[in-house]
Structure formats: structure tokens, C-alpha cells
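What follows is a set of notes on a single structure, which appears directly below.
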Amino acid sequence: METRRMCCLQLFCLILIGLFVSEIYSSSSIVSNIIDESIGESFEENWIVSKTEDYLAKSKDIVETESKGIPKKPRFLCLHGHGSNATLLEDHFKNWPDFVLEKMDFVFINGPFPVDDGLFEWFTSDEDFANFENFDEGIAYIEDRMIELGPFDGVLGFSQGAVVAGVLPGMQAQGVCLTKVGKIEHVIIISGAKLGGRMFPMPKLAETAFSSPINIPSLHIFGETDIARLNALELVEAYVDPLVIFHRGGHEVPKLDEDGLKIMFTFLKEINAIV
Ligand SMILES: *[C@@H]1O[C@H](CO)[C@@H](O)[C@H](O)[C@H]1NC(C)=O
């Protein structure tokens, strides 16, 4: 009888402890949510401040611009990944806050070569990436779209699109392509790779693209578990003073955390998207 009562008591105590622990657990996750939210808010607040300053500076600019015809938002031609398309890539940027997105103009286009229904690529490579079939045609297609939809200030690419975005400025500097459009002033390269690096061979047309360091503002974004991590790094090294957002995620357009946003702001300043 006595042992049975002891058992009941023990069971009761265990249940109490269980309830207590689960209460602590749930309240601590509430606390961390609140912390997350307030970090988000303090960023928004900082941004409202600088947005106001930005706005004041901008309106001053606008007055001056009337006669001189200067600044506008930097315009980027955006190149999606392999087997993707314009709208799918555009969706990925829903992760980025409006106060970043509204500083730039992103124009998304489909690649030239279909791989599936409504899905495209910029060039076709065989299984082991040893050969490209149609690299030159892909580049010519991009130049045509730039003439049609331009002028552009920069190029942005994700994955296969970033392989192309990463090589275009060097090819243009060497005069082998994009001769009928303005200079590419800056690039955003997300999970890219260097042609002629560890993963891809160098197409003949791009042979000289990396013969000297690429000296324009560049923002490189890739993740800890990104399949393109090492390849992306090779591209970083091809640029002068590259800005890098190295995030916790994988092969994706990541959310921008506090560190990511700081680097993003530095980039936006470099390309005069923030005054
Ligand atoms: C891209 O692909 C999605 C999903 O297959 C499709 O809904 C969309 O219409 C396509 N967009 C373009 C521009 O082809």
C-alpha cells in the first residue's frame, strides 16, 4: 500500500516537472521570437531614418538632376539559374526587404534555350560540364535583350545565370562581346562559379575574360552548404575589392540577416544607389 502511494506521488511529481519544463521551453521560444522581431524592427527604424535622409538628399538631387540629367536607380539585367525562368527567379527576391529592393531596378528575362516547359538555360553543357554547345549564341542573345530592354547599369545572376554574369564584364572589357551596349558597371553574383575554374572549362569566346582582375563593384553571395561554395570563391578572387555575403544556407537567394544587410548597404553605396 505504502509503495503504491509512493509511486503515485512520484508520478505526480514527474508530471509537475514535465509541465514546468515545457512551460519554460515554450516561453523561451517566445522570448527568442520577440528578440528576432525587435532586431528586425531596429533595422527598419534605422532605415526609416536613413530613408528620410536619403529622401531629402534625393529630392535635392532631383532638383539638380533636372538640368544635369544624373542619378536614377541602378538597373540590373537578371539571369536565372539552369532550368528556371524569369518569374521563378523574381519570386526568390521576396526574401529581401523592400528597403533594399527599391534601391535597384531588377529586369528578369528568360534564357534562350528551353530545357523543359517554360524552363530555360543560358548554355548547354554535358553531364560532367566538360563541353558547352551554345555558349556564344547565349551571349549574343543576352546582348540583343540588353539592346532591346536597356540601358542597363549592371548584371545579376543566380547559379548558371551567375556563371554568365560573372564572366560578362571581363569579356566585355576584352571587347569580345557586348560591344553595342554600355559598360557593365557592377555585378551581383549569387551562388556562381568561374568559367575556366574547378567546375567549368573555358569557352573559346571567354578565353581572355579573366586575364586581368575585374575592377568593378561586385557583390558575391553564397552559402555555407552551397554546392557552388568553392566555385563561387574562385569568382570572388577574380574581382578587385569584392564584397561577399557568406550566409548559413545553401544554393539559394538567402534572407539577409544583420551582417548581410550591412554588406548590402556598403554595396548600394558603392554603386551610388544610396547617397
Ligand atoms: C516559369 O515557370 C513557372 C512554373 O513552371 C510558370 O508558372 C511560369 O509561367 C513561368 N514563367 C515564365 C516567364 O516562363
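FYI, in mature numbering (1 follows the signal peptide of the UniProt record, and there is no 0) the residues of the sequence shown are -26 to -1, 1 to 249. C-beta atoms are modelled at their ideal positions from N, C-alpha and C, and glycine is treated no differently.
First through last residue of the beta strand (DSSP E) which encompasses residue 73: Here residue 73 belongs to no beta strand (DSSP E); instead the alpha helix (DSSP H) covers 72 to 75.
Beta-carbon separation (whole angstroms), residue 213 vs residue 175, contact threshold 8 Å: That belief does not hold up - the Cβ atoms of residue 213 and residue 175 are roughly 21 Å apart, past 8 Å.
Neighbourhood of residue 191 by C-beta distance below 7 Å, restricted to the same chain and skipping five residues each side: Cβ within range, chain order: 160, 241, 244, 245.
Expected contact under 8 Å - CB spacing of residue 183 and residue 144 to nearest Å: With a beta-carbon spacing of about 3 Å, residue 183 and residue 144 fall inside the 8 Å limit used to define contacts.
Residue 50 versus residue 79 - alpha carbon distance: About 6 Å.
Pairwise C-alpha distance: residue 69 and residue 60: Take the alpha-carbon of residue 60 and the one of residue 69: they are about 16 Å apart.
Other residues of its chain near residue 201: CB distance less than 6 Å, five sequence neighbours each side excluded: Excluding sequence neighbours, residue 201 sits near 225.
Beta-carbon separation (whole angstroms), residue 121 vs residue 155, contact threshold 8 Å: With a Cβ gap of about 6 Å, residue 121 and residue 155 count as contacting.
Runs of beta strand (DSSP E) lying entirely within the segment 72 to 138, each at least 3 residues, in chain order: Correct list: 79 to 83, 87 to 90, 93 to 95, 128 to 132.
Span of the alpha helix (DSSP H), counted from its first residue to its last, around residue 234: Looking at the DSSP string, the run of the alpha helix (DSSP H) that includes residue 234 is 232 to 244.
Length of the line joining the Cα atoms of residue 53 and residue 227: A straight-line Cα-Cα distance of about 13 Å links residue 53 and residue 227.
Collapsed DSSP secondary structure at residue 172 in the structure displayed: Looking at residue 172 - three-state DSSP - the assignment turns out to be coil, as it is neither helix nor strand.
Residues that DSSP places opposite residue 50 in a beta bridge: Looking at the DSSP output, residue 50 sits in a beta bridge with 80, 128.
Residue 115 to residue 195 span [Cα, whole Å]: Cα-Cα distance, rounded: 25 Å.
Per DSSP, the bridge partner or partners of residue 193: Under DSSP, the beta-bridge partners assigned to residue 193 are 162, 217.
Heavy atom of ligand 1 within 7 Å of residue 93 beta-carbon: Checking every heavy atom of ligand 1 against the Cβ of residue 93, one is found closer than 7 Å.
Close beta carbons around residue 237, own chain, < 8 Å, minus the five adjacent residues each side: Same-chain partners within the cutoff: 193, 217, 218, 219.
Whether residue 126 touches residue 63 by CB criterion (8 Å): With respect to the 8 Å criterion, residue 126 and residue 63 are not classified as neighbours on the basis of their beta carbons.
Proximity winner among 123, 88, 124, relative to residue 108 (alpha-carbon distances): Comparing Cα-Cα distances from residue 108 to each of 123, 88, 124, the minimum goes to 88.
For residue 227, the first and last residue of its enclosing alpha helix (DSSP H): Careful: residue 227 lies outside any alpha helix (DSSP H) and carries neither H nor E.
Proximity of residue 137 and residue 93 at Cβ, strictly below 8 Å: No; because the gap between Cβ atoms is not below 8 Å, this pair is not in contact.
Residue burial classification, residue 95 (beta-carbon count within 10 angstroms, cutoff 16): Here residue 95 is buried, its C-beta having at least 16 other C-beta atoms within 10 Å.
Beta-carbon contacts of residue 140 that lie in its chain and below 8 Å, excluding the five residues immediately before and after: Sequence-distant Cβ neighbours of residue 140 in its own chain, meaning closer than 8 Å and more than five residues away, are 131, 161, 163, 166, 167, 168, 169, 209, 212.
Residue 204, enclosing alpha helix (DSSP H) - first and last residue: Residues 203 to 211.
Those residues which DSSP pairs with residue 58 across a bridge: Looking at the DSSP assignment, residue 58 forms a beta bridge with 94.
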